[in-house]
Amino acid sequence: MKPAPFAYHRPHDLEDVCALLDELGDDAKILAGGQSLTPMLALRLTHFENLVDISRLRELQGIERRGDTLWVGAGTTHAAVGADDVVRTDVPLLNRVTPLIGHFQIRNRGTLGGAVAHADPAGEYPTAALTLDAVIEATSSAGRREIPAAEFFTGLWETALAPGEVLTAVGFPVWRGRSGFGVHEFARRHGDFAIAGATVATELDDDDRVKRCAIGLLGLGSTPRRAHEAEQAVIGRKLADVVADEVGELAMRGLDDIPADQQGSVSYRTRVGSAMVSRAFTDAVTEASRENAYA
């Protein structure tokens, strides 16, 4: 199939983008990398009268460290994120989820901002942003504002972006100390959407107690989500007293909207999700417990 007709706009800068969004209103849709939107348009699963292409705006591309936060421009491609040495050092979790996103062709075109704004519940970047308590920068003709990731994902493919706003950057906090990170997801084939997955970040104190823990879940609801009960259950405990399989089971507790489809039943996805949390948690605490782990 082919997309329904639409008007194509390629603004020269961010100011032009905001002006177009104000002018076009609900009939406009931002086109970034297009790796999610274009197939949906081609299959006529969605339609917009106007597409506003921001893929060539240099001001939305790049990676910059500001204090204790690493800011990634919305137009930065997956491939650029995955190849960046600063990302690898300062936000290892972001670096490690990148190879799990589709195939290299998709990573060469897809953008971090596009992935976060698309808000796919099985998306690696949205889940990593939620896990690390990232901040989403939104810009409109009225100015800029920052939205905590915990408030950004509001429903299936829905976000807290207001009419006329465009996602311009994502700020990821830099974890220091004895920190470790893990990510595991299960898909039937490499590049497929994950049936379930988990991203974990941990920090240990000098006595091997869990000082900080964040557990993100993907593919297990209508949005990316955090396993807050499991996080709180391990904080303050000696690492030797924490059983990874129990953390995985606890992370699945209370999830009453796990989807069932041709990929698997609710019970199957629950078992897979529990195993992914257990493995990611094990990787994270193993790395954090090493003497040289991101000190």
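Under this note's numbering, the first residue of the sequence shown is numbered 5, with each subsequent residue one higher. We treat Cβ as the ideally placed atom computed from N, Cα and C, and that holds for glycine.
Reference residue i; option with closest CA among the options
i	options	result
Asp196	Asp31, Leu254, Thr73 and Ile105	Ile105
Gln236	Val214, Ala244, Thr227 and Gly225	Val214
Leu28	Asp17, Pro103, Phe10 and Gly38	Phe10
Gly79	Leu98, Glu155, Val120 and Leu160	Val120
Lys334	His13, Asp265, Met44 and Asp94	Any answer about residue 334 is impossible in this case: the structure gives the chain only from 5 up to 299.
Ile67	Leu47, Thr50, Val247 and Arg92	Arg92
Gly71	Tyr272, Gly175 and His194	Gly175
Ala142	Glu19, Val289 and Tyr272	Glu19
Leu191	Gly277, Ala36, Arg182 and Val90	The residue asked about is misnamed: residue 191 is Ala in this sequence, not Leu. Nearest of Gly277, Ala36, Arg182 and Val90 to Ala191, Cα basis: Gly277.
Leu259	Leu64, Glu155, Arg48 and Pro228	Pro228
Leu47	Ala8, Arg69, Ala84 and Gly77	Ala8
Arg113	Ser145, Arg60, Val90 and Asp137	Arg60
Ile239	Thr73, Asp212 and Asp261	Asp212
Asp210	Arg241, Gly186, Thr203 and Arg100	Arg241
Ala193	Gly86, Gln267 and Arg275	The amino acid occupying residue 193 in the given sequence is Arg; Ala does not appear at that position. Closest option to Arg193, Cα to Cα, is Gln267.
Asn99	Val90, Gly86, Phe157 and Asp30	Gly86
Thr290	Val187, Phe157 and Asp26	Val187
Leu224	Glu250, Pro177, Thr274 and Val246	Thr274
Asp137	Thr115, Thr73 and Ile58	Thr73
C-beta atoms of residue i and residue j nearer than 8 Å
i	j	result
Glu150	Trp179	no
Gly184	Ala255	no
Gly117	Leu41	no
Val139	Ala153	yes
Leu221	Ala198	no
Ala205	Ala218	yes
Ala244	Val281	no
Ala123	Trp161	yes
Ser145	Gly168	yes
Val32	Leu24	Checking the displayed sequence, the identity of residue 32 turns out to be Ala instead of Val. Yes.
His82	Thr50	no
Ala202	Ala284	yes
Arg69	Asp94	yes
Ala234	Gly77	no
Glu155	Ala164	yes
Identified DSSP bridge partners for residue i
i	result
Ile151	Ile140
Cys217	Thr206
Gly159	Glu162
Arg111	In DSSP, Arg111 forms no bridge with anything.
Asp265	Gly268
Tyr12	Leu55
Ile67	Val76
Phe197	DSSP output for Phe197 lists no bridge partner at all.
Pro177	Thr73
Ser183	Glu207
Ala32	Asn54
Thr81	Thr115
Phe190	Ala200
Cβ-based burial, residue i [other Cβ within 10 Å; buried from 16]
i	result
Phe108	exposed
Gly252	buried
Gly147	exposed
Tyr12	exposed
Arg294	exposed
His16	exposed
Gly159	exposed
Glu189	buried
Val21	buried
Ala248	buried
Glu128	buried
Asp261	exposed
Arg62	exposed
Test: residue i CB closer than 8 Å to a CB of chain D
i	result
Gly168	Annotation note: the requested chain D is absent from the structure, which comprises a single protein chain.
Does the count of Cβ pairs from the stretch 50–62 and the stretch 125–139 closer than 8 Å reach three?
no
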